[in-house]
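So that you can map any letter, position 268 of the sequence shown is 259 in my numbering, and since no number is skipped, the others follow by simple counting.
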Amino acid sequence: MCLMMCGAATQAETRLALVIDQVGYSGNLSPLPGARQEADQVVGSLQKTGFQITRVHSATRPQLDTAFRDFRRQVSANPGAVVFIYYTGHGIRDAGSDTNDNYLLGVEADISVASDLTAYGVQLQNLTQQFSQTGASVVIFVLDACRTTPTLGKAGTKGLAPVSAAANTLVAYSTGAGDVADVGVYAPVLAEEMLKPGQDVIQLFSNVQKKVAAKTSRKQLPWSNNLIYSDICLVSCQGEQMAGPLPVDAQKAYEDGRKAETAGDYGAALTFYEQGCTAGNMRGCYNLASLYFKGTGVAQNKALAFSLYQKSCDGAFGVACRFLGFSYQDGTNLPKDYTRAFALLEKGCNLKDQDSCAHLAYQYMFGLGVPKDDARAYALYDSACKTGVMYACENQGRMHEWGSGLPKDMIKARSLYQYACDRKYPSACVALALTYGDTPGLTDREKTEFPVARKVALQKGCDLGYPVACDGLRK
């Protein structure tokens, strides 16, 4: 859930918008990849008409509840606000109920019987009543939600049914009652009409209805239920041209995202990062990708995350190149591909990301996707180690211990392992401990000192939470 403060608000009243796009359905409902683009089009027009926007992407039922609750409270804190709520996703009506209720469905929805609707859906009639009590001057619900859904017989019917609009409320539907709307038809027309001066919202939605009907040869017939009795114009009731949107400060959006993420407000962080990324801040793209990758504050979407990591890397943010490169090198989140890993890590290294240099050195060290080159590996490890990359220090120590392209030197190896261990890199503590093993040729002094040194190193690694070190202590 995301809060985005943007747009050139020249109007006197506060304008608040909630935009929900339900893309990643994972139950028995089909995904709606076009929903994100539909929402983006509407958001663009809302920004230009001065709305403060809360964006929600691919929300589960509990996340929808939270989004509506938080937004309702925001509206209540701004009496007289103009409120615009746009939902694009799956919607279904319960034809078996006395009230013919409509439900907006979370992305986890698995609908087989009528009782699933209340488990996975938010009831539309309740929403309209709740927002009518917020003190808003006008509330506009736009439901681009009449998608194909599972058939439940009489109990569940595709499309949405009319709901009673509360006072000062307009509820707009992207197609007729009980019908199914096509993706990508309604939103572009709505977004275009929202920017036209000289019409109030009633005229606006009337024009949308006519244009969508004409565009689809009357196969899709939008309509609205209106209880607004005042002239509310999104641009101007007089018809003068509207000023363009204020440019987004990409760096500020990124910094605001960082502050929000640090405070645990992941929804706001998501939106600010998205703003920053769109405006060209590649750190914003990277942090946005990380939220999607981890599923923090948004439904997990690794495919989208990796596309954002790639955008960040293409935009010369070396850390993103490293993440992608290591993912191909490791093979956990992407198919193992040393050639692609090498290219990405080399780019990250050239962009001065020393962690990329360390992972690049690993490929030179073992000849992965590139001819083995110990000298090049050592030079890269050395450079990265000196800038604080402890992984590089540990592997540099291994090259001394193993004699990889240089004479074996246990003293130098231990020194590097100790350096990394002291700086809280636990696997280096284990590597250090292993050099104090009971090997042939030890002096009497070494036979006394080595077990103690080994235990100290393992204890430090264990204290740092490294299970391998703890296991070593028990042996």
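Positions of the beta carbon are idealized from the N, C-alpha and C atoms, including for glycine.
Give the secondary structure of residue i by DSSP, where H, G and I count as helix, E and B as strand, and everything else as coil.
i, result
"Ser208", "coil"
"Cys(-3)", "Note that Cys(-3) scores a pLDDT of 37, beneath 50, so its modelled location is shaky; the value from the coordinates is reported in the next line. If DSSP states are grouped into helix, strand and coil, Cys(-3) belongs with coil."
"Thr166", "coil"
"Leu423", "helix"
"Lys451", "helix"
"Lys446", "helix"
"Gly235", "With a pLDDT of 46 at Gly235, under the threshold of 50, the modelled position of this residue cannot be trusted; read the value that follows with caution. Coil at Gly235, not helix or strand."
"Ile44", "strand"
"Val104", "coil"
"Gln114", "strand"
"Phe308", "coil"
"Asp321", "helix"
"Gly339", "helix"
"Tyr416", "coil"
"Tyr483", "Because residue 483 is not part of the residues shown, which for the chain are -8 to 466, the question remains open."
"Ser227", "coil"
"Pro179", "helix"
"Ala290", "coil"
"Ser374", "helix"
"Glu392", "helix"
"Ser67", "helix"
"Val203", "helix"
"Gln266", "helix"
"Leu195", "helix"
Please classify residue i as buried or exposed, where buried requires at least 16 other C-beta atoms within 10 Å of its C-beta.
i, result
"Asp135", "buried"
"Thr439", "exposed"
"Gly271", "exposed"
"Ile402", "exposed"
"Arg465", "exposed"
"Thr125", "buried"
"Val380", "buried"
"Ala352", "buried"
"Pro362", "exposed"
"Lys377", "exposed"
"Asp85", "buried"
"Phe357", "exposed"
"Val104", "exposed"
"Arg138", "Note that Arg138 has pLDDT 48, beneath the 50 cutoff, so the model's placement of it is unreliable and the number below is only indicative. Its Cβ being crowded by 16 or more others within 10 Å, Arg138 is buried."
"Leu108", "buried"
Would you list the residues sitting across from residue i in a DSSP beta bridge?
i, result
"Thr79", "Asp12, Asp135"
"Thr160", "Val130"
"Ser215", "Ala163"
"Leu55", "None; Leu55 has no bridge partner."
"Leu481", "Residue 481 is absent from the structure shown; the chain starts at -8 and stops at 466."
Take residue i as the anchor and find which of the options has the nearest alpha-carbon.
i, options, result
"Pro442", "Asp31, Thr426, Asp413, Phe42", "Thr426"
"Phe75", "Ser123, Thr253, Gly267", "Ser123"
"Gln32", "Phe333, Tyr111, Thr160, Val180", "Val180"
"Gln13", "Lys250, Leu95, Val66", "Leu95"
"Leu161", "Lys210, Asn198, Tyr220, Leu212", "Tyr220"
"Phe317", "Gly394, Tyr329, Asp191", "Tyr329"
"Pro458", "Pro417, Lys202, Lys327, Val199", "Pro417"
"Tyr319", "Ala307, Leu335, Gln43", "Leu335"
"Ala422", "Val289, Thr430, Ala404, Lys210", "Ala404"
"Thr5", "Ser21, Gln190, Gly15, Thr40", "Thr40"
Between the beta-carbon of residue i and the beta-carbon of residue j, is there less than 8 Å?
i, j, result
"Ile11", "Ala72", "no"
"Gly360", "Ala332", "yes"
"Ala375", "Gln345", "yes"
"Glu29", "Gly175", "yes"
"Glu385", "Ala419", "yes"
"Val66", "Ala127", "yes"
"Leu468", "Lys415", "The structure shown does not extend to residue 468, since the chain is modelled only from -8 to 466, so the question has no answer here."
"Ala251", "Ala50", "no"
"Asn292", "Tyr300", "no"
"Phe263", "Ala244", "yes"
"Tyr257", "Pro213", "no"
"Leu20", "Ala100", "yes"
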